[in-house]
Amino acid sequence: MTKGRIRNNVRTLRFHSSEMTQQELAEKVGVTRQTVIAIEGDKYSPSLEVAFRIARVFGVPLEEVFQYDSTDSNNANAT
Amino acid sequence: MYVITYFKSAKDYTIQFSDLGELLMEMSYQEKSIFGSLVAMLVVYGYYFAAVLHNIGKPEFAATGLGRLILAVIAIIVIEVVYHIVLALESKPEAKDERDILIESKAYRNAYFALSTGAFLVIASVIAADLARDAAPTRILVTPFLVVNLVLLFMVLAEVVKLVTQLLHYRRGF
Chain A
1 MTKGRIRNNV RTLRFHSSEM TQQELAEKVG VTRQTVIAIE GDKYSPSLEV
51 AFRIARVFGV PLEEVFQYDS TDSNNANAT
Chain B
80 MYVITYFKSA KDYTIQFSDL GELLMEMSYQ EKSIFGSLVA MLVVYGYYFA
130 AVLHNIGKPE FAATGLGRLI LAVIAIIVIE VVYHIVLALE SKPEAKDERD
180 ILIESKAYRN AYFALSTGAF LVIASVIAAD LARDAAPTRI LVTPFLVVNL
230 VLLFMVLAEV VKLVTQLLHY RRGF
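From first to last, the protein sequence lines stand for chains A and B.
Just so we're aligned, residue 1 is where the first sequence starts under my numbering, counting upward by one.
Just so we're aligned, residue 80 is where the second sequence starts under my numbering, counting upward by one.
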């Protein structure tokens, strides 16, 4: 079974965007500040729409904001 | 002094608040709204059901209980309206986003299980009382007013399950 985890660079990208605050990002994306906090803490994976909106705010491709780390447990057991 | 601790898992994060005020300050608008509704439900219906239990089996049960039930419903409406006006003045109201809606959906799922379990128990108790009356025509306590209160109790419990689920998801991450 494949178990994945989505990681992100939102905090770093905010820092490089003139130290944009979580509230500013939340308003630009159209979510609450608590959702930005949850995303940054890898506690919530946003919808594709919100993910694209975040990438657009920073002017970078989606892959630069979110990365998908997957580990195949079957392969891990076999090896 | 209140000590409220939330655990997700041993290696995950733990937040400790030594003061309820600090916890309330840190909460989002949605969390404050849910927390207020939960407190209002627990206080008003806690008082109401304590009074119902106290008077159960008494002849005047249905008559006095109905007035109390109407009072409880009015009290909840008034408290909720006043609390949300104060909350809107104190902190900027926020529209629900996709995470709020997702958390709410999960909370409604849990509430549905609580409510359907309650409905099953009420049906079972009415059938059991009916069978018992046929077998031995003695004084049966399952009156219409008691059934009304049992249904109300499970509706309140389902709402409490919904609100607690939401608070846990907001605190523990989702």
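In this text, a Cβ means the ideal position worked out from N, Cα and C, and glycines have one as well.
Quick caveat: nothing in here was measured; it's all calculated off a predicted structure.
Practice item. Give the straight-line distance between the Cα atoms of B/Gly197 and A/Ser18, rounded to the nearest whole angstrom. Key: In this model, B/Gly197 and A/Ser18 are separated by some 54 Å (Cα to Cα).
Practice item. Could you name the residues of the region 177-202 of chain B whose beta carbon sits closer than 8 Å to any beta carbon of chain A, in the order they occur along the chain? Key: Residues of the region 177-202 of chain B with a C-beta less than 8 Å from any C-beta of chain A: Glu177, Arg178, Asp179, listed in chain order.
Check your understanding: Taking 7 Å as the CB-CB cut-off, is B/Gly115 touching chain A?
Key -> It does not; no Cβ of chain A falls within 7 Å.
Check your understanding: How many angstroms separate the CA atom of B/Ala174 from the CA atom of B/Thr222?
Key -> Going by C-alpha positions, B/Ala174 is about 44 Å away from B/Thr222.
Review point. With burial defined as no fewer than 16 other Cβ atoms inside 10 Å of the residue's Cβ, what is the status of B/Leu121: buried or exposed?
Key: Exposed, because fewer than 16 other Cβ atoms sit within 10 Å of the Cβ of B/Leu121.
Point to revise | Distance CB(A/Ser47)-CB(A/Ile6) smaller than 7 Å | key: No.
Exercise for review: Identify whether B/Asn228 lies in helix, strand or coil by the three-state DSSP scheme.
Suggested key: In the structure shown, B/Asn228 sits in a helix (DSSP, three-state: H, G or I).
**Study point:** C-alpha distance - A/Ala78 paired with A/Asp69, whole-angstrom precision
**Key:** Annotation note: pLDDT 46 at A/Ala78 (below 50); position unreliable, coordinate value reported separately. Looking at the two C-alpha atoms, the distance is approximately 19 Å.
Practice item. In angstroms with no decimal places, state the Cα-to-Cα distance between B/Met106 and B/Val226. Key: Whole-angstrom Cα-Cα distance: 38 Å.
Exercise for review: Determine the direct distance from the alpha carbon of B/Ala207 to that of B/Glu268, and round the result to whole angstroms.
Suggested key: This structure leaves residue 268 of chain B out entirely; chain B is present only between 80 and 253.
Review point. Cβ of A/Thr21 less than 7 Å from any chain B Cβ?
Key: Not a single CB atom of chain B sits nearer than 7 Å to the CB of A/Thr21.
Review point. So what does DSSP say about A/Tyr44, is it helix, strand or coil?
Key: DSSP, reduced to helix, strand and coil, places A/Tyr44 outside both helices and strands of the structure shown, so it counts as coil.
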